[in-house]
Every structure is written in C-alpha cells, then in structure tokens.
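Just below is one structure, and these are the notes that go with it.
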Amino acid sequence: MKDNVTRKANINKEGIEITAKAINEGLINNKVYCKYCGKLIDSDSKYCTVCGREQ
Ligand SMILES: [Zn+2]
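Structural data, given as structure tokens:
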C-alpha cells in the first residue's frame with residue numbers, strides 16, 4: 000500500500016513540474032501541441048519548429 004501511495008505522489012509531482020515549467024517558459028497562451036511530434040509550438044506557426052511538419 001505504501002508503494003502505491005509513493006508512486007501516485009511521484010506522478011502528481013511530475014505533472015506539477017511539467018505545468019510549472021510550461022508557465023515559466025510562457026507556454027500557456029498562444030501555444031498548441033504539434034499534431035505529429037506533440038511538442039509545444041506557437042499556435043500561428045505553419046510548421047512545427049521541432050519536427051518541421053506542416054500544421
Ligand atoms: Zn512537430
């Protein structure tokens with residue numbers, strides 16, 4: 000039981016860190032996830048800056 004609690008806490012912590020990182024990098028507004036690679040890119044970008052695929 001203790002292991003389950005620890006694992007759950009770690010997952011939550013990871014999620015919080017990802018959200019916090021996104022806020023720090025200013026990625027909350029005007030950003031979308033690339034359809035192909037799933038990375039955050041500018042919503043007005045025609046091409047993904049990471050994988051180069053057309054959006
Ligand atoms: Zn991409």
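As numbered in numbering that gives the first Met the number 0, residues 0 to 54 make up the sequence shown, in order. Ideal Cβ positions, reconstructed from N, Cα and C, are used throughout, including at glycine.
Check, Outcome
"Would you say the beta carbon of K38 comes nearer than 7 Å to a heavy atom of ligand 1?", "yes"
"Within the same chain, show all residues whose beta-carbon is closer than 8 Å to that of Y46, passing over the 5 residues directly before and after it, in chain order.", "R52, E53, Q54"
"Within the present structure, is the beta-carbon of V31 separated from the nearest heavy atom of ligand 1 by less than 7 Å?", "no"
"Could you check how far apart the C-beta atoms of D41 and K30 are, in whole angstroms? I think they sit under 8 Å.", "6 Å"
"Going by DSSP in three states, K7 sits in which element: helix, strand or coil?", "helix"
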